[in-house]
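In UniProt numbering, the protein residues as written are 1 to 459.
First the structure, in the form of structure tokens, and then the observations on it.
Put into structure tokens, the structure is as follows:
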């Protein structure tokens, strides 16, 4: 009985101490001036890296300072990806780790980007850390030594970065916040991205690199059946051409020698901000590549991707220009001829096929057949003889058969890509095709690439 009473008394004492610590932490959080040290981690695509530069610019203007280590920060921002379930799982594990091991109990965690839009409510809930086990973490057995809660303090979607200063201020006042509404106009055209980053040893900031990203459009209207981008980044909208040209000119002045134009569907760029140019394109000029179609009404008029490349390439003959990620449907021949003629537009075209089977392409709602894709490849190689083609492929899409997979392997062999991104397809809730088959097909696809040319690059 005495031992039992001692144990109960010990637990009660520990509980009181923990309550005191929590209360003190909250008191500091509420009464202490807003902490201005911010650390940002970026996950996912190039657009997320560009968005992090925009977020840094907006926060620096509001008086926040960025530090090279999460341990030095008062606020940690996670720029997230939601394209696959595995990308989201990585963020859950990261939040769990920060909650358990960060040296500052009052640190605030904000989730930005696509995952914030998709999982706003879940991210703000108090979930048990055990739900999101930290794979490969040697400290996982100690999870919960400080907190068993895996939750963000605030979330901010891709079109809401202007709200970040207020969200951080509210978080340090003890309030949770969310701003994830999508916009039909937001392009951050008036925001000059911060392109100063820390060195590898975290000792100092780097000046501008010789390469830079320029975001020219946001969102996507294609609605491919496997893709979540239209739902987390919204409808397509393009930056005014003048603002892009000015940013490129400023970068050249700073010493940048290569720019990469970014957009979820970069070559569907269409600037209608100037009403005088709304009917620039004659009806005789094709907007789409022959044999391709869209699920939406084709956009007509305005300044197109051709105009963007044309004017950017004239800024400086020494400025190299790349772009990603395009859609095969938005490559009319005038764009291909321009790439061939302008030596500072890199003759590298990313042409995501996703599959070599017309049946699978139809199920994916890609807007083209295998034949149309191969005809486009032939046209590109005819107009740009030295072109380097790269692509994306998904192994194990819903309903894919051995025959469909064989057609993909055949297409890869016929095209002769220089580089391929290969991914296994997986649904977020259920798996129509067993995972072992999907992984097996993925390895067969990669081995096929290497058998054609051992110097192929693949991811």
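Every residue, glycine too, gets a C-beta built ideally from N, C-alpha and C.
What you are looking at is a predicted structure, and each value in this text was computed from that prediction instead of being measured.
Local conformation of residue i per DSSP, three classes
i: residue 440; result: helix
i: residue 424; result: strand
i: residue 172; result: coil
i: residue 77; result: strand
i: residue 267; result: helix
i: residue 56; result: helix
i: residue 305; result: helix
i: residue 224; result: coil
i: residue 84; result: coil
i: residue 61; result: helix
i: residue 108; result: strand
i: residue 28; result: Low per-residue confidence applies at residue 28: pLDDT is 45, beneath 50, and the placement is therefore not dependable, though the value from the model is reported in the following sentence. If DSSP states are grouped into helix, strand and coil, residue 28 belongs with the helices.
i: residue 231; result: helix
i: residue 247; result: helix
i: residue 100; result: helix
i: residue 446; result: helix
i: residue 314; result: coil
i: residue 37; result: strand
i: residue 116; result: helix
i: residue 215; result: strand
i: residue 322; result: strand
i: residue 48; result: helix
i: residue 452; result: helix
i: residue 129; result: Bear in mind that a pLDDT of 43 at residue 129, under 50, signals an unreliable position, so the number given afterwards is only what the model happens to contain. Three-state DSSP puts residue 129 in a helix.
i: residue 137; result: Because the pLDDT of residue 137 is 42, which lies under 50, any placement of that residue in the model is unreliable, and the question is left without a value.
i: residue 239; result: coil
i: residue 67; result: coil
i: residue 42; result: strand
i: residue 150; result: strand
Residue closest to residue i, alpha-carbon to alpha-carbon, out of the options
i: residue 398; options: 375, 364, 415, 420; result: 364
i: residue 188; options: 170, 171, 218, 172; result: 218
i: residue 334; options: 348, 68, 309; result: 309
i: residue 78; options: 356, 400, 360, 114; result: 114
i: residue 547; options: 240, 213, 244, 235; result: Any property of residue 547 remains undetermined from this structure, which presents the chain solely from 1 to 459.
i: residue 271; options: 249, 244, 250; result: 244
i: residue 418; options: 439, 449, 443; result: 449
i: residue 358; options: 322, 389, 175, 407; result: 407
i: residue 412; options: 152, 425, 435, 377; result: 377
i: residue 222; options: 211, 375, 236; result: 236
i: residue 117; options: 367, 211, 307, 83; result: 83
i: residue 325; options: 261, 242, 318, 99; result: 261
i: residue 424; options: 90, 440, 191; result: 440
i: residue 50; options: 420, 182, 192, 86; result: 192
i: residue 225; options: 360, 242, 352; result: 360
i: residue 518; options: 215, 167, 150; result: Because the chain is modelled from 1 through 459, residue 518 falls outside the range shown and cannot be assessed.
i: residue 442; options: 45, 67, 396, 293; result: 396
i: residue 274; options: 298, 249, 240; result: 240
i: residue 195; options: 452, 435, 60, 416; result: 60
i: residue 169; options: 181, 180, 155; result: 155
i: residue 178; options: 165, 184, 264, 186; result: 165
i: residue 181; options: 220, 234, 174; result: 234
i: residue 122; options: 104, 99, 185, 88; result: 88
Where the alpha helix (DSSP H) containing residue i begins and where it ends
i: residue 120; result: 120-124
i: residue 373; result: 370-383
i: residue 414; result: 402-415
i: residue 358; result: 358-364
i: residue 334; result: 333-341
Cβ separation of residue i and residue j, assumed to be a contact under 8 Å, to the nearest whole Å
i: residue 76; j: residue 107; result: 6 Å
i: residue 73; j: residue 39; result: 4 Å
i: residue 266; j: residue 323; result: 5 Å
i: residue 81; j: residue 44; result: 3 Å
i: residue 151; j: residue 112; result: Not quite, the Cβ-Cβ distance comes to about 15 Å (not below 8 Å), so this is no contact.
i: residue 318; j: residue 257; result: 6 Å
Residue i: first and last residue of the uninterrupted beta strand (DSSP E) it sits in
i: residue 258; result: 258-262
i: residue 395; result: 388-395
i: residue 179; result: 177-179
i: residue 292; result: Residue 292 -> no beta strand (DSSP E), and no H or E assigned at all.
i: residue 348; result: 348-350
i: residue 156; result: 154-156
Inset, instruction - May I ask you to verify whether the segment 148-161 touches the segment 43-61, counting CB pairs closer than 8 Å and requiring at least 3? - result: By the criterion of at least three beta-carbon pairs nearer than 8 Å, the segment 148-161 is in contact with the segment 43-61.
Inset, instruction - Determine, using beta-carbon pairs with one atom in the segment 309-316 and one in the segment 327-342, whether at least three such pairs fall under 8 Å. - result: The segment 309-316 is in contact with the segment 327-342.
Inset, instruction - Report yes or no: do three or more beta-carbon pairs, one from the segment 382-390 and one from the segment 325-332, lie closer than 8 Å? - result: The segment 382-390 is not in contact with the segment 325-332.
Inset, instruction - Report yes or no: do the segment 284-298 and the segment 344-355 share at least 3 C-beta pairs separated by less than 8 Å? - result: With a cut-off of 8 Å, the segment 344-355 and the segment 284-298 do not count as touching, because too few Cβ pairs lie within range.
Legend entry - the segment 229-236 contacting the segment 246-261, beta-carbon criterion three pairs below 8 Å: No, the segment 229-236 does not touch the segment 246-261.
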